[in-house]
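Student: Numbers 0 to 301, taken from numbering that gives the first Met the number 0, label the letters of the sequence shown in order.
Glycine included, C-beta positions come from ideal geometry on N, C-alpha and C.
What follows is a structure written as structure tokens; I'll ask about it next.
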Amino acid sequence: MADKEAVSITNLDAFKKIDRAGQTICLKYIQKQPYLLAIEIDFRSNKVSIEFTGKVLGRDYPQLISKETIKECFNNINSLGLIHIQKDLMMNIAIVVKADITKDIKGVDTIRIAKYIKGNIINYNDFVCKRLKNGNLILEKNVCTHRLRRRITIYDKQKEMNKTNNKRYATENDLSGAFDNVCRFELNLNSAEQVRQALNITDNKLLSVLNAEANPILDFLNAAVKKSEAQIKMSDRKAWLTMLALKDCNYDLEAVEAKERSLHPKRGFNVKRTMEPYRAMMEQINNGEAHDYWQDVMSKLS
């Protein structure tokens, strides 16, 4: 978002006019293909809002939006002939009110990552984890207010790029194979406050966001997913009872936690301590390989 002076309209006919009392109060433009681009010019507030996705970069899409590529985004929007963005002015006055923080890593199994996360949530009351029919994993903070809601989506980028519309985009931009074997981590920040908190910055200026040194994806996963720790040694009887409980819940740790919560009074119930034997047993079942794999993923996200 920026003052309207940062852009000039070059094709008024492309915009939908919003009129009130015989006067145009707002202009809107939206496209969804080959990438999302939404422009809103509000004459009452004298503000312009521009929302776009990384595909605006065309051939440089694998580089994602950053301080190195942001001006290229503006150039490509200008080339559409809708508006002309004054790049240097926009860089200095724009503020970011929402953002998708994205990280791509290669050589990992998206399904294996999703399975590990789903089985190692620290507290299932604090975080909601679900697997969609298309294979995407969504992990989000369980909060009531929109301004505090954060969500990360983990998905197979190669599979997504193989969809019909994306295949055409890839061909036109010479990107065929560019996302093969890529797993994408995408953290959605849907308010100015979320952007500041996640990036550990004091304001929402575009330059502050682009120069932020925080790693919000890693921070989010560290807060939600249990770190690998030494296995807890248990007596044979405890191990036996733990295994029975896991079997009864079909080795679903979320179901185990729900059962434990139903059997304990809310006051004094320590979910982390209660769930530790079950997690340790799952580590033994998986021979610890899953945790080693997850640590490798986390190191690639660092």
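1. Helix, strand or coil for Ala-177? Go by DSSP, reduced to three states.
2. Among all the DSSP beta bridges, which residues are the ones paired with Asn-187?
3. Considering Val-6, what are the terminal residues of the alpha helix (DSSP H) in which it resides?
4. Whose C-alpha, out of Lys-27, Arg-183, Glu-67, is nearest the C-alpha of Asn-10?
5. With distances taken from CA atoms, which of Leu-56, Val-55, Glu-39, Lys-54 is nearest Ser-48?
6. Among the candidates Ile-200, Ala-223, Ala-20, Phe-219, whose CA atom is the shortest distance from the CA of Glu-212?
7. How would you label Trp-239, buried or exposed, when you count the other beta carbons within 10 angstroms and need 16 or more for buried?
8. Taking DSSP's pairing of strands, which residues face Arg-195 in a bridge?
9. Can you give me the C-alpha to C-alpha distance between Ser-44 and Tyr-250, rounded to a whole angstrom?
10. Am I right that Leu-209 and Ser-65 are in contact with their C-beta atoms under 8 angstroms? What's the rounded C-beta distance?
11. Could you compute how far the alpha carbon of Lys-204 sits from the alpha carbon of Met-0?
12. Mind checking whether Phe-184 and Ile-137 have CB atoms under 8 angstroms apart?
13. Do you know how far the Cα of Gly-21 is from the Cα of Phe-219?
14. When the Cβ atoms of the segment 182-198 are set against those of the segment 95-103, are three or more pairs found closer than 8 angstroms?
15. If distances are taken between C-alpha atoms only, which option among Gln-85, Asp-179, His-83, Met-242 comes closest to Asn-161?
Tutor: Looking at the coordinates:
1. For Ala-177, the three-state secondary structure derived from DSSP is coil.
2. Asn-187 has Asp-99, Arg-150 as its beta-bridge partners, per DSSP.
3. Per DSSP, Val-6 belongs to no alpha helix (DSSP H); it is in the beta strand (DSSP E), 6-8.
4. Taking only the C-alpha atoms, the option nearest Asn-10 is Lys-27.
5. Considering only Leu-56, Val-55, Glu-39, Lys-54, the residue with the shortest C-alpha distance to Ser-48 is Glu-39.
6. For the residues Ile-200, Ala-223, Ala-20, Phe-219, the minimum Cα distance to Glu-212 belongs to Ile-200.
7. By the 10 Å Cβ count, Trp-239 comes out exposed.
8. The secondary-structure analysis by DSSP pairs Arg-195 with nothing; it has no beta-bridge partner.
9. So the two alpha carbons sit approximately 55 angstroms from each other.
10. A Cβ-Cβ separation of about 7 angstroms places Leu-209 in contact with Ser-65 under the 8 angstroms criterion.
11. Roughly 10 angstroms separates the two Cα atoms.
12. Cβ atoms of Phe-184 and Ile-137: not closer than 8 angstroms.
13. Rounded to whole angstroms, Phe-219 to Gly-21 spans 49 angstroms at the Cα level.
14. Contact holds: three or more Cβ-Cβ distances are below 8 angstroms.
15. Selected option, being the one with the closest Cα: Asp-179.
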